[in-house]
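Here's the structure, in structure tokens; my notes come after.
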Amino acid sequence: MNLIFLGIAGFFSGICASMGIGGGFVLMLYLTLLTETPQKEAQLFNLCFFLPIAAFSLWRHRKNGLLCTSPIKPALFGGIPAALAGALLAACLPNAQIAKLFAVFLAIIGVKTVFTKREPNGSKEECVVRPPQKQ
Amino acid sequence: MKRPLLPFLAGAATGLANGLFGAGGGLLAVVLLNRCGIDKKSSHATALALTLPLSLISAIILFCFGTSLSLGALCITILCGLPGAWLGTVLLKKISPTLLSRIFGIVMVVSAVRMFLR
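Residue numbers (this note's numbering), protein chains in the order written: chain A, 15 to 149; chain B, 397 to 514.
This is how it looks when you write it as structure tokens:
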């Protein structure tokens with residue numbers, strides 16, 4: 015693994031992560047497509063990379079008053095068992111199969127990202143919880 | 397929160413993506429938390445608060461199942477990622493995230509096709 019290019023990938027991943035446009039995918043794509051790192055190794059590397067980056071970004075967002083704490087508890091009640099199940103499944107499946115599933119997931123997210131208009135972040139507004147829109 | 401079912405489901409979807417793929421949980425969380433009624437500007441920060449513990453759990457599981465990790469390479473990547481994260485917060489005020497995310501979305505779709513056909 016070329017450490018210079020890895021550092022550059024980490025740098026751009028940090029930029030994208032803090033801008034909310036999918037930093038995890040930058041590093042995952044670099045590792046899996048350009049260095050041919052096995053899928054699960056790339057996943058573990060990406061998850062571990064994300065931890066301090068997220069902690070740093072979260073600290074800055076919290077300082078700016080952008081953190082909304084009310085949905086976190088119910089979200090974690092759903093998220094923790096789901097993360098356990100997903101990680102256990104990933105640990106048991108072969109790399110090639112996870113890579114295919116990831117490719118499908120990536121395509122869906124990519125298409126959605128292309129057709130979604132994003133508002134700029136950065137202002138110091140309070141967390142506003144509005145009723146979900148009826149569809 | 398008065399209606400915890402929506403955040404619960406948002407958390408479940410995020411956790412599953414995070415655990416199974418090691419990426420993408422954050423983007424999902426931002427979209428789903430916004431659907432729960434969180435203001436768009438807060439949904440990104442809140443998504444980070446959600447995905448941080450989920451990423452830790454997923455990483456521990458993968459590590460315990462014998463997935464290897466290069467600590468030296470990881471440290472270098474983190475050292476380069478932190479200034480990138482800081483720069484991102486500066487650039488966010490100057491560059492349209494819509495344009496950037498659309499370019500990135502196209503990159504993701506192309507990469508997905510390459511990955512699938514490998």
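Glycine is no exception: its CB is placed at the ideal position from the N, C-alpha and C atoms.
Every value quoted in this text rests on a predicted model; they were computed, and no experiment measured them.
Check: Straight-line CA distance for ALA56 (chain A) to ASP435 (chain B)?
Finding: The residue given as residue 56 (chain A) occupies position 42 in the first sequence. The residue given as residue 435 (chain B) occupies position 39 in the second sequence. Roughly 32 angstroms separates the two Cα atoms.
Check: Within 9 angstroms (strictly less), CB to CB, does PHE25 (chain A) reach chain B?
Finding: The residue labelled residue 25 (chain A) in the question sits at position 11 within the first sequence. Closer than 9 angstroms to some Cβ of chain B, the Cβ of PHE25 (chain A) qualifies, so yes.
Margin query: Please report whether the beta-carbon of GLY136 (chain A) lies at a distance below 9 angstroms from any beta-carbon of chain B.
Written below: Numbered from 1 along the first sequence, position 122 holds the residue referred to as residue 136 (chain A). In this predicted model, GLY136 (chain A) has a pLDDT of only 44, less than 50, meaning its place in the structure is not dependable enough to derive any value.
Next item on the list: Answer yes or no: do GLY480 (chain B) and LEU444 (chain B) have a C-beta to C-beta separation smaller than 9 angstroms?
Entry: Taking the second sequence and counting its residues from 1, the one referred to as residue 480 (chain B) is at position 84. Taking the second sequence and counting its residues from 1, the one referred to as residue 444 (chain B) is at position 48. Cβ distance not < 9 angstroms, so GLY480 (chain B) and LEU444 (chain B) don't count as in contact.
Check: Thinking just about the alpha-carbon of each residue, which of B:PRO449, B:SER454, B:LEU401 and B:ALA455 is nearest to the one in ARG431 (chain B)?
Finding: Within the second sequence, the letter at position 35 stands for residue 431 (chain B). ARG431 (chain B) has its Cα closest to that of B:LEU401, out of B:PRO449, B:SER454, B:LEU401 and B:ALA455.
Margin query: Considering just the uninterrupted stretch of the alpha helix (DSSP H) at CYS30 (chain A), what are its terminal residues?
Written below: By 1-based counting over the first sequence, the position of residue 30 (chain A) is 16. From DSSP, the alpha helix (DSSP H) with CYS30 (chain A) extends over 17-33.
Checklist line | Coil, strand or helix - ILE491 (chain B) by DSSP | finding: The residue you call residue 491 (chain B) lines up with position 95 of the second sequence. ILE491 (chain B): coil per DSSP, three-state reduction.
Notebook entry, point to check: Does PRO88 (chain A) get closer than 9 angstroms to chain B when you measure Cβ to Cβ?
Noted result: The residue labelled residue 88 (chain A) in the question sits at position 74 within the first sequence. Yes, PRO88 (chain A) counts as interfacial toward chain B.
Item checked: 8 angstroms CB neighbourhood of LEU458 (chain B) in its chain, flanking five on each side removed -> The sequence position of residue 458 (chain B) within the second sequence is 62, counting from 1. Cβ within range, chain order: GLY418.
Check: Looking at chain B, which residues of the stretch 42-69 of chain A have a Cβ within less than 8 angstroms of any of its Cβ atoms?
Finding: MET42, LEU43, THR46, LEU47, LYS54, GLU55, ALA56, GLN57, LEU58, PHE59, ASN60, LEU61, CYS62, PHE63, PHE64, LEU65, PRO66, ILE67, ALA68 and ALA69
Note to self: Please tell me whether GLU139 (chain A) has its Cβ less than 9 angstroms away from any Cβ of chain B.
What the structure shows: Taking the first residue of the first sequence as 1, we reach residue 139 (chain A) at position 125. A caution first: GLU139 (chain A) carries a pLDDT of 38, below 50, which makes its placement in the model too unreliable to give a value.
Check: Going by the beta-carbon positions, is the gap between VAL509 (chain B) and ALA121 (chain A) smaller than 9 angstroms?
Finding: Taking the second sequence and counting its residues from 1, one reaches residue 509 (chain B) at position 113. Taking the first sequence and counting its residues from 1, one reaches residue 121 (chain A) at position 107. It is a contact, given that the beta carbons lie within the stated cut-off.
Margin query: I'd like to know whether the C-beta of PRO108 (chain A) is nearer than 9 angstroms to at least one C-beta of chain B.
Written below: Taking the first sequence and counting its residues from 1, the one referred to as residue 108 (chain A) is at position 94. Judged by the 9 angstroms Cβ criterion, PRO108 (chain A) is not in contact with chain B.
Check: Would you call LEU80 (chain A) buried or exposed, if buried means 16 or more other Cβ atoms sit within 10 Å of its Cβ?
Finding: In the first sequence, the residue the question calls residue 80 (chain A) occupies position 66. Its Cβ being crowded by 16 or more others within 10 Å, LEU80 (chain A) is buried.
Next item on the list: Specify the secondary structure class of LEU428 (chain B) as computed by DSSP and reduced to three states.
Entry: The residue labelled residue 428 (chain B) in the question sits at position 32 within the second sequence. Here LEU428 (chain B) sits in helix by DSSP.
Check: Helix, strand or coil for CYS82 (chain A) per DSSP?
Finding: The residue given as residue 82 (chain A) occupies position 68 in the first sequence. Note: CYS82 (chain A) maps to coil in three-state DSSP.
Check: Under 8 angstroms Cβ-Cβ, which residues of chain B neighbour PHE19 (chain A)?
Finding: Taking the first residue of the first sequence as position 1, residue 19 (chain A) is located at position 5. Those do not exist, as PHE19 (chain A) stays about 11 angstroms from chain B at its closest Cβ, beyond 8 angstroms.
Check: How many Å lie between ILE22 (chain A) and ALA101 (chain A) at the Cα?
Finding: Within the first sequence, the letter at position 8 stands for residue 22 (chain A). Within the first sequence, the letter at position 87 stands for residue 101 (chain A). Computed Cα separation, rounded: 28 angstroms.
Item checked: Proximal residues of chain B, C-beta to C-beta of LYS114 (chain A) below 7 angstroms -> By 1-based counting over the first sequence, the position of residue 114 (chain A) is 100. Under the 7 angstroms cutoff, chain B gives PHE512.
Notebook entry, point to check: So the alpha helix (DSSP H) THR410 (chain B) belongs to, where does it begin and stop?
Noted result: As a working note, residue 410 (chain B) is residue 14 in the second sequence. 401-417 is the span of the alpha helix (DSSP H), which, as asked, contains THR410 (chain B).
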